[in-house]
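Reading through the structure tokens given below for one structure.
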Amino acid sequence: MSGLSTAVSDAIAAIEAGPQGPSVGAFFDLDGTLVAGYTAATFYGDRLKGRDVSPAEFLRTVVTAVDGELGGDPTRIAHVAFSAMRGESEEAFADLGERLFRSKIAGTIRRESRALVLAHQRAGHTVAVASAATKYQIAPVARDLGVEHLVCTQLVVEDGQFTGATDGPMLWGRHKASGVRAFAREHAVDLAQSYGYGNGYEDVAFLSSVGHPTALNPHRDLRAAAARLGWPALDLSDPVGGSLLAAGRTAVALAGMNAGVGLGLAYGLARGDMHEGRNAAIRLATHLPMALAGVSMNVLHQERLWTHRPAIFVANHQSSLDIPVLGRLLERDFTIVAKKEARWDPRAVVGSVVIDPAYIDRSDSESARATLDGVVERIRSGTSLMIFPEGTRSATPVLGPFRKGAFHLAAQAGVPVVPVVLRNTGELMRRSSLVLNPGVVDVCVLEPETDWSVDDMSERIAALRTKFEETLARWPL
Amino acid sequence: MSDVSDEDVERWSGAAGWAAAPELTSMQTLLWRAERHPVQSSTSTVVIDLDRAPDWDRFVAATEWGTRLVRRLRQRVVEPVVPTAAPTWADDPTFDLAYHLRREHVASREEMLVHAAQIALRPFDRTRPLWEGVLFEGMPGGAAYVLKIHHALADPLGTVQLLSMLQSGQRAHTPRKPLGDEVVAPVEPDPVDLAVTGFRTGVASLPGTARATARRVGLAATRPQVVVGSALRYGASVRRLLTQAAPPSPELTPRTGRMWSFLTLDAPLESLRSVARLGGGTLDDAAVALVLGGLRRYHARRDSTVAEIPVGVRVSLDRADDLGNRFAGALISGPLAIEDPVDRVAAVRGEVLSLHTERALEVLDAAAPLLNRMPSFVGASALRTAEAPDAFVLTLPGPPRRRYMAGAEVQGMYVLGPLPGAALTVCLVTCGDTACIGVNVDASAVADLAGLAECLAEEVAAFAG
Chain D
1 MSGLSTAVSD
11 AIAAIEAGPQ
21 GPSVGAFFDL
31 DGTLVAGYTA
41 ATFYGDRLKG
51 RDVSPAEFLR
61 TVVTAVDGEL
71 GGDPTRIAHV
81 AFSAMRGESE
91 EAFADLGERL
101 FRSKIAGTIR
111 RESRALVLAH
121 QRAGHTVAVA
131 SAATKYQIAP
141 VARDLGVEHL
151 VCTQLVVEDG
161 QFTGATDGPM
171 LWGRHKASGV
181 RAFAREHAVD
191 LAQSYGYGNG
201 YEDVAFLSSV
211 GHPTALNPHR
221 DLRAAAARLG
231 WPALDLSDPV
241 GGSLLAAGRT
251 AVALAGMNAG
261 VGLGLAYGLA
271 RGDMHEGRNA
281 AIRLATHLPM
291 ALAGVSMNVL
301 HQERLWTHRP
311 AIFVANHQSS
321 LDIPVLGRLL
331 ERDFTIVAKK
341 EARWDPRAVV
351 GSVVIDPAYI
361 DRSDSESARA
371 TLDGVVERIR
381 SGTSLMIFPE
391 GTRSATPVLG
401 PFRKGAFHLA
411 AQAGVPVVPV
421 VLRNTGELMR
431 RSSLVLNPGV
441 VDVCVLEPET
451 DWSVDDMSER
461 IAALRTKFEE
471 TLARWPL
Chain E
1 MSDVSDEDVE
11 RWSGAAGWAA
21 APELTSMQTL
31 LWRAERHPVQ
41 SSTSTVVIDL
51 DRAPDWDRFV
61 AATEWGTRLV
71 RRLRQRVVEP
81 VVPTAAPTWA
91 DDPTFDLAYH
101 LRREHVASRE
111 EMLVHAAQIA
121 LRPFDRTRPL
131 WEGVLFEGMP
141 GGAAYVLKIH
151 HALADPLGTV
161 QLLSMLQSGQ
171 RAHTPRKPLG
181 DEVVAPVEPD
191 PVDLAVTGFR
201 TGVASLPGTA
211 RATARRVGLA
221 ATRPQVVVGS
231 ALRYGASVRR
241 LLTQAAPPSP
251 ELTPRTGRMW
261 SFLTLDAPLE
271 SLRSVARLGG
281 GTLDDAAVAL
291 VLGGLRRYHA
301 RRDSTVAEIP
311 VGVRVSLDRA
321 DDLGNRFAGA
331 LISGPLAIED
341 PVDRVAAVRG
351 EVLSLHTERA
361 LEVLDAAAPL
371 LNRMPSFVGA
381 SALRTAEAPD
391 AFVLTLPGPP
401 RRRYMAGAEV
411 QGMYVLGPLP
421 GAALTVCLVT
431 CGDTACIGVN
441 VDASAVADLA
451 GLAECLAEEV
461 AAFAG
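Residue numbers (UniProt numbering), protein chains in the order written: chain D, 1 to 477; chain E, 1 to 465.
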């Protein structure tokens, strides 16, 4: 479950061993290659939900789609969709793209495709997304992957509105191939040394333009062609979808968490020691649900969690799963800082009783400072603090900017910072999902850092963030 | 005088074993029975330029030897009275070399090419061995041997192979040339016998066929979604292959298929290969790109803005770049809008490789045995339903070194293929370091023949840099 498959590791090793620099191109198809599934289907699903679609348009779309599958012109479906967008505002559509990216598409980016993109970026290659999709579908994905170039279908916009026409041909099949070749000429990319990744039968023309084509999770016709053409086929694991079983287990896990909290608190009451009761509740409330949901952990440098207590633990944040995972790691004598609004969040109520978080009112800086003074006191008296310096969950494993709060606290309280890198919690429980999938969470505890002061704080934070990035990019073995 | 060179002997013994199967293959049968010369012809013509006129007696003797070495050249096709079996080859007891080989006198190479086209247009006597050779003498630059050969005897690839095998590696005469094992001529088969035997074999295989059908029906009943899914995908693939190529160019109509005009061109092989390499393609792709480049110039000259034309290419059914021996013909949309030869090669490459995703590529091959049981007009119309491209392009490997025919040096070997509905059929034969390009043009479809020849020559120059 954790790590990359052997085939992907081999492919990455070959990229590292091959020629480096911007004259080598790496072209990635979008739908079915970088992301699992079709982004256009997500957009259309949203359109259907908004009832923007007349029954006639819907019927036409279905008939055209089926005809495309049965050997008709497969690009007609897109033209039907484009002409239906006539008169719509480009800005609104771009916003829709961002919204759908965060809520749906971000979770479908394949982890191993991300690793391949990253390998090409490390080699200094010119990386581009080459797709028949429009930039409104591609741009958020490309930005998340740090890909600068798009070779894609362009829609005509006049006065901020779509005209329903495309600027040039739809970049499908031979047109995608010629788009890629034109891009290569423009950017002085040597195609014979370049890489291409695609999954559909229409990608053959584009893949045959590069020296190193790979059929990535190919459809059956491309798989057959790749075998005949001697092209490697690479099968990546798809992001885990929420199965019914996983949903059931999640429900059981939630029940387990509450039972754990209740049991722990009861134990504390019985013993007359609320401190021990809380610690017991944390243990039970984190162990029980993760065991029930089939989630286990693979922790590197676990000893570092204990050598520097009390401390401020900082971790990257992708999923609601991060909190139980960190709770299980830290086990005892810790708390979190939460925004005041979260105090009455029903999902957090039970947990808040147990770990007694320090709430801050972000709208009132005076009271926030007072709260933080109280937190410093608690740290000094032995309670460690867990903080996500990104401030919010990211939609994808890409690291957001680090805020300074956690490090100021470390300086004031005079305690070390212990960095904890979480790799794949986002895959087991997607950002917007309530379902926890079974699997192994990879955790790496970095070297604790001591002696924080305001003078060199910014540089040290930047350096620490880089360490997070490097650890995520090349997971230590 | 040196002895027979080892290489020659090896090649000649290869020729002796050439085409030994007693029956026509399914595809050959289909082409044989569906032939409607010249519109639906299966005749290829080879024009061989020689540096001098060979001694006629020596030339006749060498041809006589060739027909003894390769028995197929002395055999004819015998059809069963009803098409229950494939036609068979049988020795022609009345074989007369003089009927098949003659010489003519012409004043120029152009005149020779006009004669060659006329020879190609004349139908074969289907009751005799299916070849005809004419040695043209009297041209200023040497001589030319024109060999017309039927597809049932050899396809263009086989014809070039056969000729390469029969030619000699030296100018001097080789005495005591080897012959194949003295084969006992097959008993002249009786057409009625053939039909009856074919029918018996058909009946004998009925239980097996029935079992296979039952199995297929059983499979369909137990796993309907698999069978239906697979049938739909196959159907979609057939539809894509038949309909998704570009429409024919209005500049290349009307085609009658009854007026053939032969052109020949030479291109340095190295320049073609280097353009192919730069575009990431093969010599085949470069040949298609070269023809498209010529047609691009022709369309531009006539102020036509056609962006794509349908081109017929040959695709290996084994591996993409293998010569292999299983091929399918298919249509691609050839770009006329790309000016840069390298980019054009890359585009052609993409089109050709895309064909490998089509599971129905072998459809005609698969249908041939069935069509052969039908009256011949059914097969003929099956061949016609596949839409004809504007041009067929074919690349054939010729002799890698200098070769001789009865003491005359071979200076070029051009294959002029038939025109089954196309406006042009182009064959590129590699001869040593030269690409010998033979172009058969439907003179009724091309308004400016001389202009087309110039355009093709200009494109050859563009490829040479």
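Quick reminder that beta carbons are idealized off the backbone N, C-alpha and C, glycines included.
*asked:* Suppose only complete runs of 4+ residues qualify. What are the alpha helix (DSSP H) ranges in the segment 195 to 225 of chain D, listed by chain order?
replied: Qualifying alpha helix (DSSP H) stretches, in chain order: 204 to 207.
*Residue range of the beta strand (DSSP E) that residue 128 of chain D falls in?*
DSSP places residue 128 of chain D inside the beta strand (DSSP E), whose first and last residues are 126 to 134.
*Taking C-alpha atoms, which residue in D/227, D/327 and D/442 lies nearest to residue 296 of chain D?*
D/442
_Identified DSSP bridge partners for residue 285 of chain D_ = Bridge partners of residue 285 of chain D: none, in fact.
*Note down, in chain order, each residue of its chain lying with its Cβ closer than 6 Å to the Cβ of residue 88 of chain D, except the 5 sequence neighbours on either side.*
162
*To the nearest angstrom, report how far apart residue 258 of chain E and residue 37 of chain E are at their CA atoms.*
9 Å
*Does the segment 101 to 119 of chain D come close enough to the segment 229 to 241 of chain D that 3 or more CB-CB pairs lie under 8 Å?*
yes
*Do the segment 402 to 412 of chain D and the segment 257 to 270 of chain D touch if we need at least three Cβ pairs shorter than 8 Å?*
no
*The alpha helix (DSSP H) spanning residue 150 of chain E covers which residue range?*
Residue 150 of chain E -> not in any alpha helix (DSSP H); beta strand (DSSP E) instead, spanning 142 to 150.
*Would you call the segment 239 to 253 of chain E and the segment 306 to 315 of chain E touching, i.e. three or more CB-CB distances under 8 Å?*
yes
*Spatial neighbours of residue 154 of chain D within its chain, please: CB distance less than 7 Å, with the 5 preceding and 5 following residues excluded, ordered by chain position.*
Only 166, 167 and 168 meet the Cβ criterion.
*Exposure label - residue 137 of chain D; buried when at least 16 CB within 10 Å*: buried
*Close beta carbons around residue 66 of chain E, own chain, < 6 Å, minus the five adjacent residues each side*: 166
*Does the beta carbon of residue 216 of chain D come closer than 9 Å to any beta carbon on chain E?*
It does not: the Cβ of residue 216 of chain D has no partner Cβ on chain E nearer than 9 Å.
*Using 8 Å as the threshold, is the segment 50 to 61 of chain E in touch with the segment 146 to 153 of chain E, meaning 3 or more CB pairs across them?*
no
*Do you know how far the Cα of residue 169 of chain E is from the Cα of residue 7 of chain E?*
8 Å
*Could you please give me the residues that DSSP links to residue 155 of chain D through a beta bridge?*
D/166
*In this structure, does DSSP put residue 101 of chain E in helix, strand or coil?*
strand
*asked:* Cβ closer than 8 Å: which chain E residues qualify as neighbours of residue 451 of chain D?
replied: Result: empty, since nearest Cβ-Cβ is about 58 Å, beyond 8 Å.
*In or out: residue 425 of chain D buried (at least 16 other Cβ within 10 Å) or exposed?*
buried
*Confirm, please, whether the CB-CB distance from residue 65 of chain D to residue 197 of chain D is below 9 Å.*
no
*residue 165 of chain E: first and last residue of the uninterrupted alpha helix (DSSP H) it sits in*: Looking at the DSSP string, the run of the alpha helix (DSSP H) that includes residue 165 of chain E is 156 to 166.
*Using a Cβ cut-off of 9 Å, which residues of the segment 224 to 241 of chain E contact any Cβ in chain D, in chain order?*
232, 233, 235, 236, 237, 238, 239, 240 and 241
*asked:* Less than 9 Å between CB atoms is the rule here; does residue 456 of chain D satisfy it with respect to chain E?
replied: For residue 456 of chain D, the answer is no, since every Cβ of chain E falls outside 9 Å of its Cβ.
*Rank E/51, E/340 and E/217 by C-alpha distance to the C-alpha of residue 407 of chain E and give the top, closest one.*
If we check each option's Cα against that of residue 407 of chain E, E/51 comes out closest.
*Using 8 Å as the threshold, is the segment 208 to 228 of chain D in touch with the segment 178 to 194 of chain D, meaning 3 or more CB pairs across them?*
yes
*Which residues of chain E have a Cβ atom closer than 7 Å to the Cβ of residue 174 of chain D, listed in chain order?*
347, 350 and 351
*Inter-residue spacing [alpha-carbon to alpha-carbon] between residue 425 of chain E and residue 439 of chain E*: Rounded to the nearest angstrom, the two C-alpha atoms are 6 Å apart.
*Measure the beta-carbon distance from residue 419 of chain D to residue 385 of chain D and round it to whole angstroms, keeping in mind my assumption that it falls under 8 Å.*
In this structure, residue 419 of chain D and residue 385 of chain D do not form a Cβ contact; the two beta carbons are roughly 13 Å apart against a cut-off of 8 Å.
*Any 3 or more C-beta pairs closer than 8 Å across the segment 137 to 146 of chain E and the segment 41 to 51 of chain E*: yes
*For residue 58 of chain D, does the count of other Cβ atoms within 10 angstroms reach 16, so buried, or fall short, so exposed?*
exposed
*Between the segment 227 to 240 of chain D and chain E, which residues of the former have CB atoms less than 7 Å from a CB of the latter, in chain order?*
228, 229 and 230
*Unbroken alpha helix (DSSP H) runs of length 4 or more, entirely within the segment 3 to 31 of chain D: which are they?*
Counting only runs that start and end inside the segment 3 to 31 of chain D, the alpha helix (DSSP H) elements of at least 4 residues fall at 6 to 17.
*Inter-stretch contact at 8 Å, needing at least 3 Cβ pairs: the segment 397 to 416 of chain E / the segment 226 to 237 of chain E*: Output reads no: the segment 226 to 237 of chain E does not touch the segment 397 to 416 of chain E.
*What did DSSP end up calling residue 296 of chain D once you bin it into helix, strand or coil?*
strand
*asked:* If you follow the alpha helix (DSSP H) that residue 94 of chain D is in, where does it begin and where does it stop?
replied: 90 to 103
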